[in-house]
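The next block holds one structure in the form of structure tokens; read it before the comments.
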Amino acid sequence: MEKPIHDILRTQKQNPLDAIFAPKSVAVIGASERANSVGRTLLWNLISNPFGGTVFPVNPQRHSTLGIKAYPTIFDVPEAVDLAVIATPAPTVPSIITQCVDAGVKSAIILSAGFKETGAEGITLEQQILEQAHRGKMRIIGPNCLGVMSPRTGLNATFASAMARPGNVGFISQSGALCTAILDWSFSENVGFSAFVSLGSMLDVGWGDLINYLGDDPHTKSIVIYMEAIGDGRAFMSAARQVALTKPIIVIKAGRTEAAAKAAASHTGALAGSDQVLDAAFRRCGVLRVNSISDLFDMAELLAKQPRPQGPRLTILTNAGGPGVLATDALIATGGEVAEISEETTASLNQILPAHWSHGNPIDILGDADPHRYTQALEIAAKDPNSDGLLVILTPQAMTDPTQTAEQLKPYAQMVGKPILASWMGGADVAAGEMILNKNHIPTYPYPDTAARMFSYMWQSTYNLRGIYETPVISAIDSSSGIPDRNCVEKIIKAARQAQRTMLTEFESKQILAAYGVPVVTTCVAESEDEAVRCAENMGYPVVLKVFSHTITHKTDVGGVQLNLRDAEAVRLAYNAIAESVSAKVGVEHFLGVTVQPMVKMAGYELIIGSSLDAQFGPVLVFGTGGKLVEIFRDRAIALPPLNTTLARRMMEQTQIYKALQGVRGQKSIDLAALEQLMVVFSQLVVEQPGIKEIDINPLLASSEELIALDARIILKHKEFSSEVPEI
């Protein structure tokens, strides 16, 4: 007899992690009766929270544990085991995993500590475990973790003191200690979980595995993550960009220090700190990053109750001026915007509000506002096309009725395309009104600045999700003109490697940019005074001289730049001045001559476009304000290649210089479309040339007439790497 179709589909959809989250049998290796031990707590949690399966204690020293028959080894367990939970000392774990694989155990959770966090010996233990696990296709969570809960099924394979409430939030944490704190907090806040996972050291199962698993879980409506290290960044991004389209993924990441900046050879390396790269990765795959644990769960609840805003503009409706100002400050500080009220909205509000209302946003409907005035004003404000969301603030005053006002707001809980948030201030006086709003899916906050920050997070989530739909395609830039000239690039890099150089000269760097169609200033190499004069006279005065060297990274630091040279004598003097300065500061062997280029006269803005390598994500792009003070102003945006024109424009929009590039104080806008295309071309160069470690164009001079690279620097990797276009 053939299997029913639903059985076939169930078989096809089986996930290896089912053995962890929905096991039919669990072996507790290291089960104990010793008071307060991990083995005893774990066993008690499993048997006191029925999950529909069988528990087998494994302990060679005991015949029974907590009244349950115990077995000397995993081989003695009478049934097939889906999940082994291991709570024995670290040195014993590799042999236990070997036995589990031989016995056909499908998965394991290793609670034990004492692995890579202890040094080389612990790393060796992990390698042994992983080798055996791969042999048996066993999936492992841990080591050094709290364990796993599946509250909906009753599985509590942890040594926590209590079982999480069932709910629709999938929670994943690297920190076991934080898990217990979150668990305690969740009881008071009545937060429930579809899964509660402590990942520990992520020896095997990582972020990507769990995001994919919870993405397929119908009980999980949102995924919240406490992260200490990204681990396999590519796996995280691949899973997140698939799941974030249907379920919010919200992350709090510990550690915002910029350790990657020190000792960087390029400006880009100094600007692209590891934490900023992670932010760029989150944006690219639709993940929302928050800064506090309360925000983590507030956003999970908020995104489940209200639609995401389509833009950053918030309308604030309040019966008191001060709270409206606080909300405005918080909104702007976190990237939101105060909606500009339309003339039609103002006219409508004039008809229903007292003459002394604020006539602007925040809409102050005054302290004597009754429930009817609130609902009338809200209905008008909600229809304003300039608004993307609404925040209603209420402070208890003599004429205020918090409870009845909340009742009147119930019909506005789901305004199409616009979220509504509320801040009912006043503690016990407004508690009944808060309860009414929350039950009707209008989230409430005790303080208006918190509510405004939550709206900004919602808009950031929308913005990040839109980026998922942008799929850059790597292709020929202009095949008719022979661009890119990859053969030219290959020859330059090959010659540098043969000379055992990792730093390309400015001239070589510009040749590579030109091979990809990036406009570069005319540059001539001169190894003597006479050659410098000849170059200058051929291109016309005034000119610029820069040191030509295989080793000098920042030319101005060694006196290696002379500007605005107007005749042959000035060129000769400048040549000798550069030679003397470089020789005195770093040694004569570092001076090989100069490059000569025209003094570019056009007025414009100095920009930087660059790329450096991140340990987790590979090439990272930087765009922003350039010039000599680039690392002082630190006005930059970071993204992952490749780009398309939309993603390039997004990078521009994240910088302060973007406002100037659009034209200010009588200045014309630069050709933003041409800049977009140049950034796309640059990103193609980065992904197609994996031998490049760091590359800067600084400055890229941008004006309304043209874009031109005035200086360039490329540093190669120490050895050849295979080409790989990121799947982003």
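Here full-length UniProt numbering is used: position 366 in the sequence shown is 366, and no number is missing along the way. Ideal placement from N, C-alpha and C gives every residue a C-beta, glycine not left out. These numbers were taken from a predicted model, which means no experiment stands behind them.
For TYR605, the uninterrupted beta strand (DSSP E) segment begins and ends at 605-614. Restricted to the segment 418-481, the alpha helix (DSSP H) segments that are unbroken, complete and at least 4 residues in length are 431-439, 448-468, listed in chain order. Out of THR625, GLN376, PHE297, ARG453, the CA that lies nearest to the CA of ILE182 is found in PHE297. In this model, ASP217 and SER348 are separated by some 47 Å (Cα to Cα). Residue state for SER25 is assigned as strand, using DSSP reduced to three classes. Cβ-Cβ distances below 7 Å link ALA244 to CYS285, GLY286, VAL287, LEU465, ILE468 in the same chain, with the five nearest sequence neighbours on each side left out; the list follows chain order. C-alpha of THR551 to C-alpha of GLY610: approximately 19 Å in a straight line. Across the structure, ASP364 and LEU317 are spaced so that their CA atoms are roughly 6 Å apart.
Per DSSP, GLY559 has no beta bridge partner at all.
Two segments are said to touch when three or more pairs of C-beta atoms, one from each, lie closer than 8 Å; by this definition the segment 150-158 touches the segment 34-50.
Around the beta carbon of ASN291, fewer than 16 other beta carbons lie within 10 angstroms, which makes this residue exposed. Between the segment 223-240 and the segment 441-461 there are fewer than three inter-stretch CB-CB distances shorter than 8 Å, so the stretches are not counted as touching. By the C-beta density criterion, ASN576 is exposed, having fewer than 16 other C-beta atoms within 10 angstroms. A contact is defined here as three or more CB-CB pairs under 8 Å, and the segment 75-87 fails this definition with respect to the segment 128-137. Distance from the CA of TRP207 to the CA of GLY215, rounded to the nearest whole angstrom, comes to 12 Å. At a Cβ-Cβ threshold of 8 Å, THR502 and ILE715 count as neighbours.
Relative to LYS137, the option among ILE97, LEU394, GLU527 whose CA is nearest is ILE97. Burial check for PRO72: the Cβ neighbour count within 10 Å stays below 16, so the residue is exposed. Scanning its chain for C-beta atoms nearer than 8 Å, with the 5 sequence neighbours on each side dropped, one finds around GLY122 the residues ALA90, GLY114, PHE115, LYS116, in chain order. Boundaries around VAL290 are those of the beta strand (DSSP E), 288-290, since no alpha helix (DSSP H) includes it.
Secondary structure at GLY170: strand, using DSSP grouped into helix, strand and coil. In this structure SER683 is buried. Its beta-carbon is surrounded by 16 or more other beta-carbon atoms within 10 angstroms. If you look at TYR575, you'll find it isn't in any beta strand (DSSP E); it sits in the alpha helix (DSSP H) that goes 568-585. Between PRO143 and SER173, the C-beta spacing is not below 8 Å. Distances from the alpha-carbon of GLY67 to those of TYR516, PRO57, ALA712, GLN310 put PRO57 closest. Counting C-beta atoms within 10 angstroms of its own C-beta, GLU126 has 16 or more neighbours from the protein chains shown and is therefore classed as buried.
Scanning ASN15, PHE51, ARG34, ASN36 for the CA closest to the CA of VAL26 turns up PHE51. Annotated as proximal: VAL582 and VAL547, with beta-carbon spacing under 8 Å.
If you keep only unbroken beta strand (DSSP E) runs of at least 3 residues inside the segment 72-149, you get 83-86, 107-110, 139-141. Counting only runs of 4+ residues, the alpha helix (DSSP H) found wholly inside the segment 356-383 occupies 371-382, in chain order. If you draw a straight line from the Cα of ALA355 to the Cα of GLN654, it comes to about 40 Å. A contact is defined here as three or more CB-CB pairs under 8 Å, and the segment 452-460 meets this definition with respect to the segment 322-341. In this structure, LEU621 keeps its C-beta atom at 8 Å or more from the C-beta atom of PRO472. A straight line joining the alpha-carbon of ILE692 with that of ASN59 spans about 55 Å. By the criterion of a C-beta distance shorter than 8 Å, ALA339 is surrounded in its chain by ARG313, LEU314, THR315, ASN361, ASP384, ASN386, SER387, ASP388, once the five residues flanking it on both sides are discounted. The bridge partners DSSP lists for GLY200 come to none.
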